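Residue numbers (the working numbering), protein chains in the order written: chain U, 3 to 168; chain V, 2 to 166. Just so you know, even glycine gets a beta-carbon here, dropped at the ideal spot from N, CA and C. This one's a predicted model, so the numbers in the text were calculated from it and none came from an experiment. Here is the structure we will look at, set down as structure tokens.
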């Protein structure tokens with residue numbers, strides 16, 4: 003008998019539910035396209051200028067040229083920064099590097115990381131590190147920073163390139 | 002003589018009217034306010050995130066923001082995947098690539114904090130509708146498992162409406 007009552011109760015509940023089914027009105031539709039882009043690969047080359055002569059060197063003398071090429075298209079800008087192994091200046095001088103001779107570490111060469119035209123590039127700080135935005139050609143230049151006397155030696159310079167994702 | 006009779010009849014008729022003047026009793030007023038409400042208007046947007054990278058996509062990665070705003074009232078909002086979508090269980094949706102339909106992307110729609118929404122399975126028509134927690138926002142996120150997503154464009158379409166219980 004108890005089972006019978008329960009059955010009846012369930013039957014009533016279902017009936018009531020059906021009679022008062024909710025409705026949804028004023029339906030509006032929104033659509034979006036989720037665009038998954040293939041990962042972009044960066045190829046980064048830094049080529050030293052040949053036939054550099056020790057001695058008195060003029061300001062803004064190019065000593066190396068950098069270029070970044072991408073495997074695909076991306077809306078993200080390419081940025082470059084002196085590698086963490088480089089001795090860099092602070093603040094506005096974050097693009098200035100002091101290079102040491104590999105034969106004699108007392109030999110110094112001060113260079114800066116600039117656009118191919120020699121102009122400073124727009125910098126932005128990411129986690130305390132300064133990154134500089136390349137132009138549309140994705141090229142940059144390492145140039146002598148201030149006229150100086152350079153000892154005959156080899157000077158290593160290392161630059162990192164990346165995509166800037168704000 | 003005929004004129005006198007007529008005059009008498011008129012006088013008697015006038016007396017009769019005075020003696021039986023009508024009256025109105027138990028006056029019961031009724032009032033009504035005719036309220037012309039502003040029609041409710043829903044605005045529904047679904048904005049994809051940019052810079053989505055193909056390859057391994059971790060579970061529950063946010064992919065798009067959905068938002069419904071209403072003018073002219075404060076109704077309860079319900080959402081569901083549009084009928085053109087291939088749906089999975091409950092709030093799961095299976096998307097296909099526009100360039101290659103063999104590319105698939107499993108997603109779900111949830112509250113902005115990633116929690117599931119309350120659902121009503123009893124809506125007329127049989128569709129299951131979901132109620133965003135804040136009655137306004139939801140997100141599209143990848144399924145709750147890592148998946149490999151091919152580079153492609155994946156369309157998603159969502160419906161939003163006013164839930165009338």
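Contact list for residue i against chain U, beta-carbon separation under 7 Å
{"i": "residue 156 of chain V", "result": "33, 35"}
{"i": "residue 83 of chain V", "result": "31"}
{"i": "residue 102 of chain V", "result": "Going along chain U, no residue has its Cβ under 7 Å from residue 102 of chain V, so there is no contact; the nearest lies around 15 Å."}
{"i": "residue 79 of chain V", "result": "26"}
{"i": "residue 92 of chain V", "result": "Going along chain U, no residue has its Cβ under 7 Å from residue 92 of chain V, so there is no contact; the nearest lies around 16 Å."}
{"i": "residue 166 of chain V", "result": "24"}
{"i": "residue 153 of chain V", "result": "38"}
{"i": "residue 46 of chain V", "result": "32"}
Selected residue, minimal CA-CA separation from residue i, among the options
{"i": "residue 55 of chain U", "options": "U:167, U:152, U:36, U:43", "result": "U:152"}
{"i": "residue 90 of chain V", "options": "V:66, V:120, V:126, V:100", "result": "V:120"}
{"i": "residue 112 of chain V", "options": "V:124, V:97, V:134, V:61", "result": "V:134"}
{"i": "residue 165 of chain V", "options": "V:27, V:82, V:44, V:78", "result": "V:78"}
{"i": "residue 49 of chain U", "options": "U:76, U:161, U:57", "result": "U:161"}
{"i": "residue 97 of chain U", "options": "U:147, U:57, U:52", "result": "U:147"}
{"i": "residue 62 of chain V", "options": "V:126, V:124, V:114, V:88", "result": "V:114"}
{"i": "residue 157 of chain U", "options": "U:51, U:77, U:139", "result": "U:51"}
{"i": "residue 164 of chain U", "options": "U:33, U:31, U:32, U:47", "result": "U:47"}
{"i": "residue 2 of chain U", "options": "U:90, U:111, U:69", "result": "Summary: the structure shown does not reach residue 2 of chain U, with chain U confined to residues 3 through 168, and so no result is reported for it."}
{"i": "residue 51 of chain V", "options": "V:154, V:162, V:147", "result": "V:154"}
{"i": "residue 86 of chain V", "options": "U:138, U:101, U:32", "result": "U:32"}
{"i": "residue 1 of chain V", "options": "V:48, V:75, V:84", "result": "As shown, chain V starts at 2 and ends at 166. That puts residue 1 of chain V outside it, with no answer to give."}
{"i": "residue 156 of chain V", "options": "V:43, V:25, V:101", "result": "V:101"}
{"i": "residue 167 of chain U", "options": "U:143, U:133, U:24", "result": "U:133"}
{"i": "residue 118 of chain U", "options": "U:89, U:67, U:101, U:109", "result": "U:67"}
{"i": "residue 136 of chain U", "options": "U:37, U:88, U:115, U:103", "result": "U:115"}
{"i": "residue 137 of chain V", "options": "V:35, V:40, V:118", "result": "V:118"}
{"i": "residue 44 of chain V", "options": "U:34, U:29, U:100", "result": "U:29"}
{"i": "residue 91 of chain U", "options": "U:109, U:113, U:60", "result": "U:113"}
Per-residue contacts from residue i into chain U (C-beta, under 8 Å)
{"i": "residue 49 of chain V", "result": "34, 35, 36, 37"}
{"i": "residue 163 of chain V", "result": "26, 27, 28"}
{"i": "residue 114 of chain V", "result": "Going along chain U, no residue has its Cβ under 8 Å from residue 114 of chain V, so there is no contact; the nearest lies around 20 Å."}
Contacts that residue i makes with chain V (C-beta to C-beta distance below 8 Å)
{"i": "residue 78 of chain U", "result": "52"}
{"i": "residue 167 of chain U", "result": "52"}
Per-residue contacts from residue i into chain V (C-beta, under 7 Å)
{"i": "residue 41 of chain U", "result": "54, 55, 56"}
Residues that residue i contacts on chain U, provided the C-beta gap is smaller than 9 Å
{"i": "residue 65 of chain V", "result": "34, 36"}
{"i": "residue 41 of chain V", "result": "28"}
{"i": "residue 25 of chain V", "result": "Residues of chain U passing the Cβ test: none, with the nearest at roughly 44 Å."}
{"i": "residue 107 of chain V", "result": "Near residue 107 of chain V there are no residues of chain U at all, since even the closest Cβ is about 12 Å away, more than 9 Å."}
{"i": "residue 159 of chain V", "result": "31, 32, 33, 34"}
Are the segment 49–56 of chain V and the segment 69–87 of chain V touching, with three or more C-beta to C-beta distances below 8 Å?
-> With a cut-off of 8 Å, the segment 69–87 of chain V and the segment 49–56 of chain V do not count as touching, because too few Cβ pairs lie within range.
Specify whether the segment 75–90 of chain U and the segment 122–138 of chain U touch according to this definition: at least 3 beta carbon pairs, one from each stretch, less than 8 Å apart.
-> yes
Mind pulling the beta strand (DSSP E) runs of 3 or more residues that sit fully within the segment 46–106 of chain V?
-> 56–58, 63–72, 77–82, 93–97
Report the residue ranges of all beta strand (DSSP E) runs contained in full by the segment 59–109 of chain U; include only those spanning at least 3 residues, in chain order.
-> Within the segment 59–109 of chain U, the runs of beta strand (DSSP E) that reach at least 3 residues and sit entirely inside it are, in chain order, 64–72, 80–84, 98–102.
Any 3 or more C-beta pairs closer than 8 Å across the segment 24–41 of chain V and the segment 139–152 of chain V = no
Evaluate contact between the segment 27–45 of chain U and the segment 60–73 of chain U, counting only Cβ atoms and requiring at least three cross-stretch pairs below 8 Å.
-> The segment 27–45 of chain U is in contact with the segment 60–73 of chain U.
Using a beta-carbon distance cut-off of less than 9 Å, what residues from the segment 132–153 of chain V approach chain U?
-> So the list reads 141, 150, 151, 152, 153, given in the order they occur along the chain.
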